[in-house]
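My numbering puts the sequence shown at residues 65 to 370.
See structure below.
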Amino acid sequence: MNSDENTSCINDNDDNIIGILKAYFELFKPGVMSLAIMSGALGIIIAPEQISGLKLFWSLLCIILGAGASGAINMCLEIDIDSQMSRTSKRPLPMNKITKERGLEVAYYMAFFSVFFMALFVNVLSASLLFLTIFFYGYIYTLILKRRTIYNVVIGGISGAIPPLIGWASVMNSLSWASMSFFWIIFLWIPPHSWALALYKAKEYQKVSVPMMPVVKGRKFTIYQVVFYSILMIASTYLPYYFGLNGGIYLYVTTFSNLVWVYFTMKLMKNIVDKENHRSEKLFFVFSINYLFIVFFASMIDCFFR
Numbered sequence: 065m066n067s068d069e070n071t072s073c074i075n076d077n078d079d080n081i082i083g084i085l086k087a088y089f090e091l092f093k094p095g096v097m098s099l100a101i102m103s104g105a106l107g108i109i110i111a112p113e114q115i116s117g118l119k120l121f122w123s124l125l126c127i128i129l130g131a132g133a134s135g136a137i138n139m140c141l142e143i144d145i146d147s148q149m150s151r152t153s154k155r156p157l158p159m160n161k162i163t164k165e166r167g168l169e170v171a172y173y174m175a176f177f178s179v180f181f182m183a184l185f186v187n188v189l190s191a192s193l194l195f196l197t198i199f200f201y202g203y204i205y206t207l208i209l210k211r212r213t214i215y216n217v218v219i220g221g222i223s224g225a226i227p228p229l230i231g232w233a234s235v236m237n238s239l240s241w242a243s244m245s246f247f248w249i250i251f252l253w254i255p256p257h258s259w260a261l262a263l264y265k266a267k268e269y270q271k272v273s274v275p276m277m278p279v280v281k282g283r284k285f286t287i288y289q290v291v292f293y294s295i296l297m298i299a300s301t302y303l304p305y306y307f308g309l310n311g312g313i314y315l316y317v318t319t320f321s322n323l324v325w326v327y328f329t330m331k332l333m334k335n336i337v338d339k340e341n342h343r344s345e346k347l348f349f350v351f352s353i354n355y356l357f358i359v360f361f362a363s364m365i366d367c368f369f370r
């Protein structure tokens, strides 16, 4: 074999390794992971006491592992749905880049070690909350709620809203009314965010028999629900200020962001009967992703400058 052939083999192997790593990274649902990591870190930052460097390391590592595990379990158990939807058909399992069995094996190891290390190196309360998050999202939401009720994303939102509590509990080893502030923000943000996506993917959800609200109740009812939960969410964003966790920076940035949210909600309302033009819900969905990160970042900056 000449040198050119050797080089070609090495490059092929490198590409294969990179492809495998990329597939596993996608398996962990990096979008969901990033939200869990940032909200968990936020819980640590807004807690009134300090955390040691070692505990900080273990807390963040375990949140990362737990978030990746729950995302992987969800993806492995939804392969029948993902393979039929355009938005998800390119994921690693439908594309046969990873087998369901291998994906679950990796997810279970990650879940076990995330909870075990959290209990061993941080505290049992934060480990219990982490276990609840993984179990609720991986099984209760994925296998039961998503397939059986139009309020799947409302009840299922509990799992997505727990990470700030995990971060807080890592520091305080307890929970309080103040610690629930960002739980409520995320919990009330998830329904309008998810329904905006469902509005322009309604036909696909109908095809795979997932009872998302636009499929069962229609566009008009869903948009009214988006407005209702948006009002509750906007009100909840002032809880961190009310409890003294954040000050002026958070208040001003969040208020401006809320006004933009209202603007996109009004555009959605104006397009309430048009089932063909999905521009308003797409814009709402994209902004809703950025909205939460803006609010979280404002809270973190506010804590650093107070």
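Glycine is no exception: its CB is placed at the ideal position from the N, C-alpha and C atoms.
Secondary structure at residue i, three-state DSSP: helix, strand or coil?
i      : result
LEU124 : helix
ILE298 : helix
VAL218 : helix
GLN289 : helix
LYS161 : coil
THR152 : coil
SER178 : helix
ILE81  : helix
MET276 : coil
GLY282 : coil
SER116 : coil
LEU239 : coil
VAL170 : helix
LEU91  : helix
LEU129 : helix
ASP184 : Contrary to the premise, residue 184 reads as Leu rather than Asp in this sequence. Looking at LEU184 - three-state DSSP - the assignment turns out to be helix.
Do residue j and residue i come within 7 Å of each other at the CB atom, strictly closer than that value?
i      : j      : result
LEU207 : GLY220 : no
LYS198 : GLY130 : A small fix is needed here, since residue 198 is Ile in this sequence, not Lys. Against a cut-off of 7 Å, the Cβ pair of GLY130 and ILE198 comes out as a contact.
GLY202 : SER134 : yes
TYR269 : VAL280 : no
ALA225 : PHE200 : no
SER245 : PRO304 : yes
SER123 : SER234 : yes
PHE320 : ALA260 : no
ILE336 : ILE298 : no
ILE230 : LEU194 : yes
ALA87  : PRO158 : no
ILE214 : PRO275 : yes
ALA362 : PRO227 : no
PHE360 : LEU125 : no
LEU85  : GLY167 : no
ILE18  : LYS161 : Here the chain has residues from 65 to 370 only, and residue 18 is not among them.
PHE180 : ALA242 : no
Note down, in chain order, each residue of its chain lying with its Cβ closer than 6 Å to the Cβ of residue i, except the 5 sequence neighbours on either side.
i      : result
ILE249 : SER300, THR301
ASN310 : PRO304, SER363, ASP366
SER103 : PRO227, PRO228
ARG212 : none
Return the first residue and the last residue of the alpha helix (DSSP H) that residue i is part of.
i      : result
ASN322 : 312-334
ASN354 : 343-369
LEU261 : 245-264
LEU99  : 94-110
ILE208 : That residue, ILE208, is in no alpha helix (DSSP H); it is neither H nor E in DSSP.
PHE195 : 188-199
SER234 : 227-236
LEU303 : 303-306
ILE143 : 143-146
So is residue i in contact with chain B if we call contact Cβ pairs under 7 Å?
i      : result
MET330 : Absent from the structure: chain B. Only one protein chain is present.
Within the same chain, show all residues whose beta-carbon is closer than 7 Å to that of residue i, passing over the 5 residues directly before and after it, in chain order.
i      : result
ILE109 : MET364, CYS367
PRO112 : none
ALA171 : ALA133, ALA136, ILE137, CYS140
GLU345 : ALA260, LEU263, TYR264, LEU332
PHE177 : LEU129
LEU296 : LEU252
Closest by CA to residue i, which one among the options?
i      : options                        : result
LEU120 : VAL186, LYS284, GLY308         : VAL186
ARG370 : ASN322, SER352, ILE313         : ILE313
SER238 : THR213, SER147, LEU125, SER192 : SER192
LYS271 : SER147, CYS126, ILE82, LEU118  : SER147
PHE292 : VAL218, ALA266, HIS342         : VAL218
THR318 : TYR355, VAL290, SER294         : TYR355
SER294 : SER273, HIS257, TYR306, LYS334 : HIS257
HIS342 : PHE307, LYS267, MET97, LEU118  : LYS267
I'd like the list of long-range same chain contacts for residue i, defined as Cβ closer than 8 Å, with 5 residues on each side in sequence excluded.
i      : result
PHE351 : VAL324, TRP325, PHE328
LYS284 : ILE336, VAL337
LEU347 : PHE328, LYS331
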